[in-house]
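Trainee: Our numbering puts the first residue of the sequence shown at 664, with every later residue one more than the last.
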Amino acid sequence: ADAFPAGASPAGGREEDPCSTSRSTAAILLLLLSRVLSGVACGGSTVVVPMYLGEISPAHLRGTLGSAFLLTAVTGMLLAQVLGLPPLLGSDDRWRLVLLAVLPPAALQLLLLRHSLLESPRWLLLRGRDEAARTTLARLRGCRGGEVETAELHQELASMLPSPQGRPGGRRPASWPGGGSSARLLIDPSARRPLVLCVGLMAVQQFSGINNVFNYSTIFLTSNGVDAATVVIISVLMNVGNVAITVVSVRLMDLSGRRSLMLVSCVGMALSTVALTSSLSCPGYGWTAPLAIASVVGFVMSFGVGLGPVPWLLPAELFAPDRCALGASVSAGSNWMANFVVGQAFMPLSNALKSACFLPFAVVVCGFAVFVTRTVPETKGKSLDQILFELSAHTAQGRPTVLRKPGGRF
């Protein structure tokens, strides 16, 4: 319903025209059905794309390429928002064209990627297609057949096969062909800890309040005296800042590491929430509107540094190869479920707490910083066998184990 300009119906009639009622009803039902289908497709892509990028990426680029998933998502959000502005396609007679904007990229993917997209070597190995996996990995790495390259290729292929002890060792699993249920993840000791970490990260990503800032920024900015035209500009700037900081995080992911970026993200989001609460608590003053704007933009940019991209990246790094598909699916499902819960709970929370409605999210973020410090392992630059061994060797005190990398260096 929010997609309809005032006074317009999806069938092209006006609300006051009784002759268009049945036609509008059918059009609305068709629009809702289309939203369901596109939602299923988007939900599937949030599982498959990060997992695929994690499986085909070399260890030193896994963070950069994995973060590219979120970069394309926020870029698409910005493009859709810009196209929906009144001077472009956000008018009564042109708004339907926004719905067609998804068609060109989808058609290009079908035409260009159909023959050039390579299957994941890890997926091929788990299904016994060893030669196809070797050939595909050689193409991905640009190998020319030298002895050193061939040895490195075989070593990387061997690291993609899990062993019963939870550390890759060149053995194909007998009881985990890549399927199963989420209950099996809970009862399997080697998968339980990655599941708790990934589901926790996905849930906190939504319980940080990020979507409430996007969805309700118009309301609390207007309540601080910001005019409607300025609110539109600020909304666009929020997405511009989100894209810009995600570009930075793509570069920093394999330089600074996942844990440090998430901690920076938590600190920035907590401080921005306190500033936003201060502005909401004192409406009408000259400083409240600029502070509200700065805090909203700062909140979004802090989110984009770490808490935005990292939870989508980690399932492909923490789960063993034969458990990755199911683990990524459960993790993404928890993200969408948390998204739904937070969206439904915010308005009652806002009515109860008034200007302090964002403070519970700051508490969640602060608690998450402690969770990251004590339990989340650093995966930057590590091979899959190092990561899985670190998880299995986690200390009883709840602190991540620091592994010595090959060559005696940390």
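Note that CB positions come from ideal geometry on N, CA and C, so glycine has one too.
What does a CB cutoff of less than 6 angstroms around P827 pick up in its chain, not counting 5 residues either side in sequence?
Mentor: Interpretation of P827 is limited by its pLDDT of 47, a score under 50 that renders its predicted location unreliable; no figure is taken from the coordinates.
Trainee: With 16 as the cutoff for other CB atoms within 10 Å, does L696 come out buried or exposed?
Mentor: The residue in question, L696, is exposed, as its Cβ has fewer than 16 Cβ neighbours within 10 Å.
Trainee: Taking the C-alpha atoms as reference points, what is the distance between E678 and F877?
Mentor: Low local confidence applies: a pLDDT of 48 at E678 is under 50, so the model's placement there is unreliable, and no value is given.
Trainee: For G636 and E980, which I take to be in contact (beta-carbon distance under 8 angstroms), what is that distance rounded to the nearest angstrom?
Mentor: Given that the chain is displayed from residue 664 to residue 1073, the structure contains no residue 636 and the question cannot be resolved.
Trainee: Which runs of the alpha helix (DSSP H) spanning at least 4 residues fall entirely within the region 931-962, listed in chain order?
Mentor: Listed in chain order, there is nothing to give.
Trainee: Quick check on R785: buried or exposed, where buried means 16 or more other Cβ atoms within 10 Å of its Cβ?
Mentor: Its Cβ being crowded by 16 or more others within 10 Å, R785 is buried.
Trainee: Which class does K1017 belong to by DSSP, given the choice of helix, strand or coil?
Mentor: Of the three classes helix, strand and coil, the one that applies to K1017 here is helix, per DSSP.
Trainee: According to DSSP, simplified to helix, strand and coil, what is M916?
Mentor: DSSP places M916 in coil when its eight states are reduced to three.
Trainee: May I ask you to report which of helix, strand or coil DSSP gives F982?
Mentor: Coil, per DSSP.
Trainee: Thinking C-alpha only, which one of C987, I908, P978 is nearest G961?
Mentor: Of the listed residues, the one whose Cα sits closest to G961 is I908.
Trainee: Apart from the five residues just before and just after G841, which ones in its own chain have a Cβ nearer than 7 angstroms to its Cβ?
Mentor: Note that G841 has pLDDT 42, beneath the 50 cutoff, so the model's placement of it is unreliable and the number below is only indicative. Taken in chain order, the residues that qualify are L789, D985, A988.
Trainee: Near L760, which residues of its chain fall below 7 angstroms by C-beta distance, leaving aside the five closest residues on each side in sequence?
Mentor: Here the set comprises L752.
Trainee: Is the number of C-beta pairs between the region 936-944 and the region 1010-1022 that are closer than 8 angstroms three or more?
Mentor: Output reads yes: the region 1010-1022 touches the region 936-944.
Trainee: Sorted by chain position, which residues of the same chain lie with C-beta nearer than 7 angstroms to L915's C-beta, five sequence neighbours on each side aside?
Mentor: Closer than 7 angstroms at the Cβ level, and outside the excluded window around L915, lie L924.
Trainee: In the structure shown, what three-state DSSP assignment does P972 receive?
Mentor: Note: P972 maps to coil in three-state DSSP.
Trainee: Would you identify the three-state DSSP class for D793, choosing helix, strand or coil?
Mentor: Here D793 sits in helix by DSSP.
Trainee: What is the rounded straight-line gap between the Cα of W839 and the Cα of A821?
Mentor: With a pLDDT of only 46 at W839, under the threshold of 50, the placement of this residue in the model should not be trusted; the figure read from the coordinates follows. Taking the straight line from one Cα to the other gives about 17 angstroms.
Trainee: Given this structure, state the Cα-to-Cα distance separating R922 from G706, to the nearest angstrom.
Mentor: Looking at the two C-alpha atoms, the distance is approximately 26 angstroms.
Trainee: Given L864, which residues of its chain have a CB within under 6 angstroms of its CB, disregarding the five upstream and five downstream residues?
Mentor: Here the set comprises P974.
Trainee: What span of residues does the alpha helix (DSSP H) with R725 cover, start to end?
Mentor: R725 -> alpha helix (DSSP H) spans 725-746.
Trainee: Apply the 10 Å Cβ neighbour rule to D890 and answer buried if 16 or more other Cβ atoms are within range, or exposed otherwise.
Mentor: Flag for D890 reads exposed.
Trainee: Please confirm whether V1005 and F883 have their CB atoms less than 7 angstroms apart.
Mentor: In this structure, F883 does not lie closer than 7 angstroms to V1005 by Cβ.
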